[in-house]
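Q:
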Amino acid sequence: MLRALKLEPEKCTGCLQCEMACSYENEQLFNPSKSRIKVFNFHDSGRFAPYTCTQCAEAWCLHSCPVEAIVINAKTGAKDVLEEVCVGCKVCTIACPFGTVNYNHDTGKVQKCDLCGGQPACAEACPTGAITYVDIDQTGLDRMRAHAQRSLGASA
Amino acid sequence: MKHLIIGAGPSGVIAAETLRKLQPEASVTIVGDEAEPPYSRMALPYLLIRKVGEEGTYLRKNAGHYDRLRIDVKRDRVTGVDTTGRKVQLAGGGALAYDKLLLATGSRPVSPPIPGMALPGIYPCWTLTDARHIARGAVPGAKVVLMGAGFIGCIILEALAKRGVDLTVVEMADRMVPRMMNNIAGNLIKRWCEEKGVHVHTSTRVVAIEPGTGGRRFAVRLDGGTVLAADLIISATGVKPNVEFLEGSGVKTDHGILIDRQMQTSNPDVYAAGDVAQGLDFSTGEYSVQAIQPTAADHGQLAARNMGGRRGAIHRGSVNMNVLDTLGLISSSFGLWMGAKDGESTELCDPGRYRYLNLQFEDDVLVGATSLGLTEHVGVLRGLIQTRTRLREWKDKLVKDPTRIMEAYLGSTQAVGFNAGLI
Chain A
40 MLRALKLEPE KCTGCLQCEM ACSYENEQLF NPSKSRIKVF NFHDSGRFAP YTCTQCAEAW
100 CLHSCPVEAI VINAKTGAKD VLEEVCVGCK VCTIACPFGT VNYNHDTGKV QKCDLCGGQP
160 ACAEACPTGA ITYVDIDQTG LDRMRAHAQR SLGASA
Chain B
121 MKHLIIGAGP SGVIAAETLR KLQPEASVTI VGDEAEPPYS RMALPYLLIR KVGEEGTYLR
181 KNAGHYDRLR IDVKRDRVTG VDTTGRKVQL AGGGALAYDK LLLATGSRPV SPPIPGMALP
241 GIYPCWTLTD ARHIARGAVP GAKVVLMGAG FIGCIILEAL AKRGVDLTVV EMADRMVPRM
301 MNNIAGNLIK RWCEEKGVHV HTSTRVVAIE PGTGGRRFAV RLDGGTVLAA DLIISATGVK
361 PNVEFLEGSG VKTDHGILID RQMQTSNPDV YAAGDVAQGL DFSTGEYSVQ AIQPTAADHG
421 QLAARNMGGR RGAIHRGSVN MNVLDTLGLI SSSFGLWMGA KDGESTELCD PGRYRYLNLQ
481 FEDDVLVGAT SLGLTEHVGV LRGLIQTRTR LREWKDKLVK DPTRIMEAYL GSTQAVGFNA
541 GLI
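Shown next, in the form of C-alpha cells:
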C-alpha cells in the first residue's frame with residue numbers, strides 16, 4: 040500500500056518544526072527557506088496551512104522536464120528529482136500548478152518533496168499530528184486529484 | 121497500424137512513447153534529421169557551461185530506451201508528404217508509408233537579412249552541432265556579439281557570460297525578452313545584465329557584418345554608427361516553424377500547421393504537435409504557435425491519444441508561459457501577462473532589489489502574471505490561471521499586496537487545507 044502525507048491544517052500551530060526537520064534532513068541545514076514543506080500563515084484568521092507536493096498522478100513536473108530528471112520512485116510513488124540529471128532549467132517550477140517545485144539557487148537545481156524515501160522527516164517532527172504519513176486512501180488525496188483532473192486534466 | 125512521426129524532439133518522442141503504451145502491437149517510427157539520439161535544445165545552454173555533457177541533453181537517458189519500446193528511430197529528412205498515397209518521401213531516397221502521421225518538425229532559426237550574415241563563423245545556437253561551434257569560439261576573453269535578446273538569446277547569454285567572454289547583446293526591441301516581459305521587467309533585466317558586465321544595446325539594429333581588423337574576425341556595424349569588434353557572432357533573432365516540406369500535400373498551414381482540438385490537421389490521418397503546430401491557446405481562445413516545452417509535451421501526448429483512437433482527448437488549450445534565468449535573475453510570465461481587454465492589474469516594483477510582480481485579472485480571476493526575482497511557489501500562478509479560480513475576497517487583498525499570491529491560492533482553492541473536505 041502506498042502512503043502519502045496527510046496534512047490537517049486545523050491541527051497546525053505554526054511551530055515550523057516540519058520546515059526545520061525537512062531542511063535538516065535534505066540540506067543538513069536548519070534553514071526553513073530550504074524546506075520543501077512550507078507552513079503558510081493566515082494572519083487575518085490566525086490559521087496555518089502546511090503545504091507540500093501531493094505526488095499528484097498527473098505529475099506536471101515530470102512531463103514538462105526536458106531531460107527526464109524527474110522520475111517516479113517505485114517504492115514510495117514519489118516524484119523524485121534526480122539531482123545529477125537536472126540541468127536547472129526551471130520549466131517544472133512553472134509547470135507545477137500547485138507551486139511545489141522550487142529552484143534552489145545554491146545547488147542550481149530544482150527541489151521538491153520526495154517523502155524522504157519513505158520516512159518523511161516533517162511527519163516525524165510534527166508535534167501536533169498535523170502532518171502524518173498514512174495509507175494513501177486516508178489522505179483525501181483522491182479529492183485533490185479529482186479536483187486537479189477537473190480543473191486541469193484535459194489539457195494534457 | 122503504422123504510426124509515423126516526423127521530428128525527434130520532445131513532442132515526437134512523447135507521442136511515440138504514448139502510442140506504444142496505447143497500442144502495444146502498432147508500428148511506431150520516428151524520423152529525425154540530426155545525427156544524435158533525440159535531445160533537448162533547452163539543455164544546450166547547460167552543455168555550454170559544462171553543467172552536463174552531451175549525453176546530459178538527451179531526452180531519454182537509457183541507451184536501449186527506444187529499442188526496448190520498439191520505437192524505430194530513423195535518421196533521414198522528410199522532403200514531402202503524399203497524403204493521397206499515405207507516404208512520405210525521404211531525402212535519402214525511398215518513402216515510408218503510414219496509416220497515421222504526426223508532424224512534429226519543430227522550428228528553425230531565421231537568419232536576418234543583413235549584409236555579411238553569410239560570413240563563416242556566425243552561428244545560431246539551435247543544434248548540438250551549433251553548440252560545439254560556439255564552445256570552440258566562446259573562450260575566456262573572446263569578444264562575442266549576440267544578436268537578439270529574446271528567450272533563446274537570453275538563455276544563451278547566461279551560458280556565454282559564464283564562459284568568461286566579453287559579451288555584447290544587440291536587441292531591436294526597446295527592452296530584453298520583449299515577447300515575455302513588459303517594459304518595466306524587460307528593462308530591469310537589461311540593467312541587471314549590465315551590472316554583471318554584459319554590454320546591452322536595445323532599440324538597436326545590426327546593419328552590416330564585415331571582416332574585422334586588428335586581429336578580430338568581424339566588425340559588426342550598428343544603426344547608431346557604432347562598430348563592434350567580434351571574434352564570434354551568435355544569431356538568435358527568432359525561429360520559424362518547419363512547414364516547407366508540406367508544400368503540395370494539401371495540409372493547411374498559417375503561421376504553423378493548423379490543427380483542431382484533437383491535434384488533427386486539415387487531413388484526417390495527419391496530426392501535428394509542438395513548435396510547428398498552431399494549437400489552442402488557453403488564455404486567448406485563439407490558435408497560435410507557442411513554441412514552449414510544456415506545450416510541446418501536452419501536444420505530443422494528446423496527438424498520440426487521438427492517433428491511438430482514444431476518444432475525448434480534447435485539448436483545452438495550453439497556457440503560454442516561460443521561465444528564464446539571466447545571470448541569476450529569474451523571471452517568469454504566464455498567460456495574458458500583457459493584460460486582458462477591460463481587465464485590471466496590480467503590480468509591485470522594487471527596482472533596487474530587482475523584485476517585480478505584476479498580476480492581471482479579469483473580474484476576480486487571475487488571467488496573467490509577470491514576475492522577477494520570484495522562485496518560491498511560482499507555479500501557483502499557472503494553477504490559478506488554468507483553473508480559472510474565483511479569488512473572491514482574495515482579489516482585493518492581492519490588489520493591495522500581490523506577494524500574498526500563495527495565501528490567495530490556498531485560501532481560494534483549499535480553504536482550510538487539502539484534506540478538510542472542502543474541494
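In order, the protein sequence lines correspond to chains A and B. Just so we're aligned: the first sequence equals residues 40 to 195 in the working numbering. Just so we're aligned: the second sequence equals residues 121 to 543 in the working numbering. We put the beta carbon where it would ideally sit given N, CA and C, even for glycine.
Using a beta-carbon distance below 8 Å, is Pro414(B) in contact with chain A?
A: Chain A, which has a Cβ nearer than 8 Å to the Cβ of Pro414(B), makes this yes.
Q: Could you list which residues in chain B have their beta carbon closer than 7 Å to that of Tyr90(A), in chain order?
A: Chain B residues near Tyr90(A): Leu530.
Q: Please report the residue range of the alpha helix (DSSP H) in which Ser532(B) lies.
A: Element bounds for Ser532(B): Ile525 to Thr533.
Q: Judging by CA-CA distance, which residue of Ile525(B), Ala269(B) and Gly335(B) is the nearest neighbour of Ala262(B)?
A: It is Gly335(B) whose Cα lies nearest to the Cα of Ala262(B).
Q: Between the segment 142-167 of chain B and chain D, which residues of the former have a C-beta closer than 7 Å to a C-beta of the latter?
A: Included in the structure are the protein chains A and B, with no chain D among them.
Q: Taking any Cβ of chain A, which residues in the segment 484-511 of chain B have a Cβ under 9 Å from it, in chain order?
A: Against chain A - using a Cβ distance shorter than 9 Å - the residues of the segment 484-511 of chain B are Thr495, Glu496, His497, Val498, Gly499, Val500, Leu501, Arg502, Gly503, Leu504, Ile505, Gln506, Thr507, Arg508 and Thr509.
Q: Do Ser84(A) and Glu58(A) have their C-beta atoms within less than 8 Å of each other?
A: Contact: no.
Q: Closer than 9 Å by beta-carbon distance: list the chain A residues that pair up with Thr177(B), in chain order.
A: Those are Pro105, Val106 and Val126, listed as they occur along chain A.
Q: Is Ala134(A) close to chain B? Criterion is C-beta to C-beta, closer than 8 Å.
A: By this cut-off, Ala134(A) is an interface position.
Q: How many angstroms separate the CA atom of Ala540(B) from the CA atom of Asp418(B)?
A: With a pLDDT of 37 at Ala540(B), under the threshold of 50, the predicted position of this residue should be treated as unreliable, though the coordinate-derived value follows. One C-alpha to the other measures close to 31 Å.
Q: Take Leu308(B) and list the residues in its own chain whose beta-carbon comes closer than 7 Å to its own, dropping the five residues that flank it on each side.
A: Hits under 7 Å: Pro471, Tyr474, Tyr476 and Leu492.
Q: Any idea if Ala535(B) is buried or exposed, counting beta-carbon neighbours within 10 angstroms, 16 or more meaning buried?
A: For Ala535(B), the pLDDT reaches just 44, beneath the cut-off of 50, and the residue's location in the model is therefore unreliable, although a value from the coordinates is still provided. Its Cβ having fewer than 16 others within 10 Å, Ala535(B) is exposed.
Q: Between the segment 352-365 of chain B and the segment 243-259 of chain B, do three or more beta carbon pairs fall short of 8 Å?
A: The segment 352-365 of chain B vs the segment 243-259 of chain B: in contact.
Q: Can you tell me whether DSSP reads His375(B) as helix, strand or coil?
A: DSSP places His375(B) in coil when its eight states are reduced to three.
Q: Would you check if the distance between the CB atom of Leu456(B) and the CB atom of Pro522(B) is smaller than 8 Å?
A: Taking 8 Å as the Cβ cut-off, Leu456(B) and Pro522(B) do not qualify as a contacting pair.
Q: Considering only residues of the segment 296-383 of chain B, which uninterrupted alpha helix (DSSP H) runs meet the minimum length of 4 residues and lie entirely inside it, listed in chain order?
A: Runs found: 303-315.
Q: Which first and last residues belong to the alpha helix (DSSP H) in which Pro159(A) is found?
A: Where Pro159(A) is concerned, there is no enclosing alpha helix (DSSP H), given that its DSSP letter is neither H nor E.
Q: Excluding the 5 residues flanking Arg425(B) on each side, which residues of the same chain have their C-beta closer than 8 Å to its C-beta?
A: Counting only Cβ-Cβ distances below 8 Å, and skipping sequence neighbours, we find Thr138, Leu142 and Ala433.
Q: What residue range does the alpha helix (DSSP H) around Phe271(B) cover?
A: Note, Phe271(B): alpha helix (DSSP H), Phe271 to Lys282.
Q: Would DSSP call Ser386(B) helix, strand or coil?
A: If DSSP states are grouped into helix, strand and coil, Ser386(B) belongs with coil.
Q: Would you say Ile379(B) and Gly399(B) are within 8 Å of each other, going by their C-beta atoms?
A: Yes, Cβ-Cβ distance for Ile379(B) and Gly399(B) is below 8 Å.
Q: Closer than 8 Å, CB to CB, is Asp445(B) near chain A or not?
A: Answer yes: the Cβ-Cβ gap between Asp445(B) and chain A drops below 8 Å somewhere.
Q: Where does Asn141(A) sit, in a helix, a strand or coil, going by DSSP?
A: Asn141(A) falls in the strand class under three-state DSSP.
Q: Check distances from the C-beta atoms of the segment 371-398 of chain B to those of chain A and list, in chain order, the residues that come in under 8 Å.
A: The segment 371-398 of chain B vs chain A, Cβ under 8 Å: nothing.
Q: Looking at Cys104(A) and Lys151(A), is the spacing between their C-beta atoms short of 8 Å?
A: Against a cut-off of 8 Å, the Cβ pair of Cys104(A) and Lys151(A) comes out as no contact.
Q: Any contact of the segment 149-160 of chain B with the segment 318-327 of chain B, i.e. 3+ C-beta pairs under 8 Å?
A: These segments do not touch.
Q: Establish whether the CB of Asn65(A) and some CB of chain B are separated by less than 8 Å.
A: It does not: the Cβ of Asn65(A) has no partner Cβ on chain B nearer than 8 Å.
Q: Secondary structure at Thr247(B), three-state DSSP: helix, strand or coil?
A: Coil at Thr247(B), not helix or strand.
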